[in-house]
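J.: Here's a structure for you.
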């Protein structure tokens with residue numbers, strides 16, 4: 046039993062299948078592979094766990110593979126080139142299909158390789174982390190990092206289909222699971238107060254990896270993201286809300302050195318900071334901030350910025366962030382739990398208080 | 046006095062301005078620059094000739110520049126990264142505009158950098174070679190080479206406008222001018238017999254760089270290409286006709302080592318080979334082949350393959366060419382001067398004769 050969410054993007058529409066035992070089902074891949082050539086892309090950690098299962102489901106195709114080193118630090122143009130090397134060494138043509146088996150890094154790099162190889166070929170996403178299942182599955186963002194900033198080089202390129210197999214979450218370590226929950230919590234905060242409440246009631250089931258709870262959370266997260274993305278496919282207005290916690294979070298990830306903080310951990314701390322800054326403006330209450338921090342903590346996530354990063358470091362790191370627009374820095378802040386908004390009208394002095402992690406307002 | 050060709054591509058429509066003295070006209074750039082940040086991209090040869098003129102036309106903008114080494118051998122991911130370095134070091138945002146001042150290599154790389162930087166920013170093309178003016182101006186193809194094949198990594202990304210300044214052709218050496226004429230002749234061969242005849246009558250004026258003749262040839266070439274591309278923006282059917290001479294030509298370029306044969310020279314020899322193969326099948330006459338070879342020769346272009354490349358080398362090099370489709374190799378051949386067609390039904394033994402450059406059929 047699995048669920049399918051159909052994303053309606055005109056000629057680039059695609060299904061997201063969510064449930065257990067998906068990797069082994071040939072009929073989920075076949076409709077989306079044009080030719081006979083399939084390039085599996087994975088990393089050293091994930092490949093030994095799942096690649097044989099995927100291969101078994103793809104008998105009859107001419108399969109090649111490229112195994113990348115594992116980690117955000119390898120998400121760059123040099124490592125990307127290994128995928129092009131493999132495609133060209135095997136003389137893969139425009140009808141080939143890339144299959145990304147791994148987390149967000151593998152998905153982003155494979156997607157960008159597919160976007161760029163011969164100016165665009167097909168790819169299928171098999172996300173094996175919770176974060177990738179709820180984040181990379183929707184939106185078509187692909188790319189690599191540059192030493193001066195995250196995700197600075199990339200393309201919009203939609204997969205042909207996504208297989209979010211919940212069984213793959215059983216091999217995630219607790220920290221990776223929590224990082225995925227950060228993005229799940231994000232959807233509740235941005236747009237779906239009921240989902241936030243559901244998460245408060247079910248966070249322990251999610252931490253215990255109960256399949257039913259996972260399927261529900263993944264589907265509802267993908268649906269939230271899809272609704273925002275469908276309204277704004279090429280990121281101008283509403284889509285920016287998805288960056289809640291990300292400007293702070295990227296600064297933390299970069300400031301602490303790529304790979305030391307997980308993306309979801311940065312986003313979690315960033316959401317806590319966004320909530321803190323929103324409360325300092327009086328847009329949400331101190332008790333809202335406490336609910337948010339409490340849920341993050343129960344999900345084993347950081348709920349404050351790391352003390353290692355100074356206010357000035359934050360400001361420098363955020364200036365290059367791609368969400369910065371001419372002149373001022375825009376931030377995603379909260380008007381309520383379940384209602385985020387883009388803000389350029391925050392008070393810079395209050396931002397400094399948040400960056401300094403001064404004692405937050407209490408509900409006095 | 047200049048002419049403007051308006052390309053109708055929906056929201057990606059753009060003008061191509063053709064004529065003398067264009068570089069210095071601020072009003073040709075301004076409508077197409079969204080923010081204040083402009084990154085000039087050029088190469089070591091072209092920059093000293095024209096960059097000051099372009100800068101003078103862009104006073105008031107925050108201008109930065111990156112100067113690439115000159116040559117097809119530098120059209121790769123490593124050198125591309127220098128453009129990303131410059132963009133990020135100057136903290137350029139999504140509203141920035143890249144301006145490519147140079148030939149096809151600069152245009153292709155700048156266009157791909159613009160396609161990929163923050164998943165897509167604007168760019169303006171200022172092609173300074175005849176080849177780039179008639180080829181890169183239309184079609185939106187951008188990209189870089191891989192050691193295993195030309196243009197294997199790239200994107201479709203349309204410029205905001207093209208400034209084809211005929212004055213820049215005065216500094217081209219004769220060989221570069223001839224390489225551009227190869228593409229001009231190609232349009233006559235593919236689709237426009239009257240233009241081919243016009244070229245037979247005016248080739249000497251073009252070789253003498255008479256401005257009026259150049260404007261006419263550039264505009265008619267761009268129009269031919271635009272009509273084909275408009276019918277088929279994302280290359281499936283008709284657009285492949287533009288590859289007349291290119292499968293052979295790419296093999297020659299690669300086989301002789303990138304940069305030793307100019308792209309246009311490879312295409313010229315490739316068109317002669319396509320004509321030869323077409324005549325061996327009886328699709329065009331031996332006298333058609335002679336007209337084609339004669340026009341190429343008058344334009345100072347090669348009209349036969351280089352003897353250094355063996356038949357087997359040709360076959361190996363062509364197999365990886367991106368025009369190859371599952372199984373068989375498709376070629377663009379001629380049914381008449383002015384009427385090309387995609388062919389998978391050629392006789393492989395006749396292809397071998399063409400690759401061996403056996404004595405062609407005579408008009409007996």
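Protein chains in written order, with this note's numbering: chain A, 46 to 409; chain B, 46 to 409. Backbone N, C-alpha and C define an ideal beta-carbon position, used for all residues, glycine too. Keep in mind it's a predicted model, so treat the numbers as computed, not measured.
Kindly confirm or deny that the region 123-133 of chain A and the region 200-218 of chain A touch, where touching means at least three C-beta pairs closer than 8 Å.
T.: In short, these stretches do not touch, since the Cβ pair count stays below three.
J.: When Cβ atoms are compared, which residues of the region 130-146 of chain A fall closer than 9 Å to chain B?
T.: 130, 132, 133, 134, 136, 138, 139 and 140
J.: May I ask you to report which of helix, strand or coil DSSP gives residue 369(B)?
T.: Here residue 369(B) corresponds to residue number 324 of the second chain, with the count starting at 1. The pLDDT assigned to residue 369(B) is 46, lower than 50, so where the model puts this residue is not dependable; a value taken from the coordinates is nonetheless given after this. Of the three classes helix, strand and coil, the one that applies to residue 369(B) here is coil, per DSSP.
J.: Give the residues from the region 189-206 of chain B that approach chain A closer than 7 Å (Cβ to any Cβ), ordered along the chain.
T.: Going along the region 189-206 of chain B in chain order, one finds 191, 193, 194, 197, 198, 199, 200 and 201 with a Cβ nearer than 7 Å to chain A.
J.: Kindly indicate which three-state DSSP category residue 173(B) falls into: helix, strand or coil?
T.: Within the second chain, residue 173(B) is the residue found at index 128, counting from 1. Of the three classes helix, strand and coil, the one that applies to residue 173(B) here is coil, per DSSP.
J.: Using three-state DSSP, classify residue 318(A) as helix, strand or coil.
T.: Position 273 of the first chain, counted from the start, is the residue given in the question as residue 318(A). In the structure shown, residue 318(A) sits in a helix (DSSP, three-state: H, G or I).
J.: Taking residue 134(B) as the reference, which of 377(A), 362(A) and 385(A) has the closest Cα?
T.: Here residue 134(B) is taken as the residue at index 89 of the second chain, counted from 1. Ranking the options by Cα distance to residue 134(B), first place goes to 362(A).
J.: Which residues bound the alpha helix (DSSP H) around residue 93(B)?
T.: If you number the second chain from 1, residue 93(B) lands on position 48. 92-102 is the span of the alpha helix (DSSP H), which, as asked, contains residue 93(B).
J.: Looking at chain A, which residues of the region 115-131 of chain B have a Cβ within less than 7 Å of any of its Cβ atoms?
T.: 122, 126 and 129
J.: State yes or no: is the beta carbon of residue 371(B) nearer than 7 Å to at least one beta carbon in chain A?
T.: Against the second chain, residue 371(B) aligns to sequence position 326. At residue 371(B), the pLDDT of 47 sits below 50, so the modelled position is not reliable; the number obtained from the coordinates is stated separately. Interface residue, yes.
J.: Below 7 Å on C-beta distance, what does residue 364(B) contact in chain A?
T.: Along the second chain, one-based indexing puts residue 364(B) at 319. Those are 136, listed as they occur along chain A.
J.: Since I believe residue 174(A) is in contact with residue 221(A) (beta carbons under 8 Å), could you give me their beta-carbon distance rounded to a whole number of angstroms?
T.: Translated into the one-based positions of the first chain, residue 221(A) becomes position 176. Translated into the one-based positions of the first chain, residue 174(A) becomes position 129. Between residue 221(A) and residue 174(A), the beta carbon gap of about 6 Å places them in contact (Cβ cut-off 8 Å).
J.: Kindly list, in the order they appear in chain B, the residues whose Cβ is closer than 9 Å to that of residue 186(A).
T.: As a working mapping, residue 186(A) is identified with position 141 in the first chain. Taking a Cβ-Cβ cut-off of 9 Å, the neighbours of residue 186(A) in chain B comprise 164, given in sequence order.
J.: Mind listing the chain B neighbours of residue 160(A)? Cutoff is C-beta to C-beta under 8 Å, in chain order.
T.: As a working note, residue 160(A) is residue 115 in the first chain. Going along chain B in sequence order, the residues near residue 160(A) (Cβ under 8 Å) are 200.
J.: Could you check whether residue 62(B) and residue 208(B) sit closer than 7 Å to each other, using their CB atoms as the reference points?
T.: Stepping through the second chain from its first residue, residue 208(B) is reached at position 163. Stepping through the second chain from its first residue, residue 62(B) is reached at position 17. The beta carbons of residue 208(B) and residue 62(B) sit closer together than 7 Å.
J.: What does residue 50(A) pair with, by DSSP beta-bridge criteria?
T.: Taking the first residue of the first chain as 1, we reach residue 50(A) at position 5. Paired residues: 61(A).
J.: Please report how far the alpha carbon of residue 93(A) lies from the alpha carbon of residue 86(A), in whole angstroms.
T.: Taking the first chain and counting its residues from 1, the one referred to as residue 93(A) is at position 48. Taking the first chain and counting its residues from 1, the one referred to as residue 86(A) is at position 41. Residue 93(A) and residue 86(A): Cα-Cα distance of roughly 12 Å.
J.: Going straight from the alpha carbon of residue 370(B) to that of residue 215(A), what length do you get?
T.: Position 325 of the second chain holds residue 370(B). Position 170 of the first chain holds residue 215(A). Note on residue 370(B): pLDDT 43, under 50, position unreliable in the model; the coordinate value appears next. About 41 Å.
J.: Can you tell me whether DSSP reads residue 156(B) as helix, strand or coil?
T.: As a working mapping, residue 156(B) is identified with position 111 in the second chain. Residue state, collapsed to three classes: helix.
J.: Say whether the region 188-196 of chain B touches the region 232-249 of chain B, bearing in mind that this needs 3 or more beta-carbon pairs closer than 8 Å, one atom from each stretch.
T.: no
J.: Tell me residue 88(B)'s beta-bridge partners as DSSP assigns them.
T.: As a working note, residue 88(B) is residue 43 in the second chain. For residue 88(B), which the question treats as bridged, DSSP gives the partners 113(B).
J.: Looking at the secondary structure, which residues open and close the beta strand (DSSP E) in which residue 423(B) lies?
T.: The shown model of chain B, from 46 to 409, leaves out residue 423(B), and the question about it has no answer.
J.: Buried or exposed for residue 181(A), going by 16 or more other Cβ atoms inside 10 Å?
T.: Walking along the first chain from the start, residue 181(A) turns up at place 136. Buried, since its Cβ has 16 or more Cβ neighbours within 10 Å.
J.: Does residue 211(A) pass the burial test, meaning 16 or more other C-beta atoms within 10 Å, or should it be called exposed?
T.: If you number the first chain from 1, residue 211(A) lands on position 166. Residue 211(A) comes out buried.
J.: Which stretch, first to last residue, makes up the beta strand (DSSP E) that contains residue 196(A)?
T.: Counting from one through the first chain, the residue named residue 196(A) turns up at place 151. 194-201 is the extent of the beta strand (DSSP E) around residue 196(A).
J.: Which residues in the same chain as residue 227(B) place their Cβ atom closer than 6 Å to its Cβ, once the five residues preceding and following it in sequence are excluded?
T.: For the purposes of this step, residue 227(B) is taken as the residue at position 182 of the second chain. Once the five neighbours on either side are set aside, the close Cβ partners of residue 227(B) are 309, 312, 313 and 346.
J.: Given residue 326(B), which residues of its chain have a CB within under 7 Å of its CB, disregarding the five upstream and five downstream residues?
T.: For the purposes of this step, residue 326(B) is taken as the residue at position 281 of the second chain. Excluding residues within five positions, the ones whose Cβ falls inside 7 Å are 391, 392 and 395.
J.: By alpha-carbon positions, which one of 290(A), 260(A) and 66(A) ends up nearest to residue 50(A)?
T.: Along the first chain, one-based indexing puts residue 50(A) at 5. Looking at the Cα atoms, 260(A) is the closest of the given residues.
J.: Measure from the alpha carbon of residue 132(A) to the alpha carbon of each residue in 82(A), 95(A) and 328(A), then state which is nearest.
T.: In the first chain, counting from the first residue as 1, residue 132(A) sits at position 87. The candidate whose alpha carbon is nearest that of residue 132(A) is 82(A).
J.: Taking residue 170(B) as the reference, which of 123(B), 229(B) and 60(B) has the closest Cα?
T.: Stepping through the second chain from its first residue, residue 170(B) is reached at position 125. Ranking 123(B), 229(B) and 60(B) by Cα distance to residue 170(B) puts 60(B) first.
J.: Tell me which same chain residues have a C-beta within less than 7 Å of the C-beta of residue 343(B), skipping the five on either side of it?
T.: On the second chain, position 298 is the one that residue 343(B) refers to. So the list reads 248, once near-sequence residues are dropped.
J.: Quick check: the Cα distance between residue 79(B) and residue 138(B), rounded to an integer number of angstroms?
T.: What you label residue 79(B) is simply residue 34 of the second chain in a count that begins at 1. What you label residue 138(B) is simply residue 93 of the second chain in a count that begins at 1. The straight-line gap from Cα to Cα measures roughly 11 Å.
J.: For the region 216-299 of chain A, list the alpha helix (DSSP H) runs that are entirely contained and at least 4 residues long, ordered along the chain.
T.: 219-236, 238-252 and 256-275
J.: Identify whether residue 144(B) lies in helix, strand or coil by the three-state DSSP scheme.
T.: Sequence index remark: in the second chain, residue 144(B) carries index 99 (1-based). Strand at residue 144(B).
J.: DSSP three-state call for residue 327(B): helix, strand or coil?
T.: For this step, residue 327(B) is matched to residue 282 along the second chain. When secondary structure is reduced to three states using DSSP, residue 327(B) falls in the coil class, being assigned neither helix nor strand.
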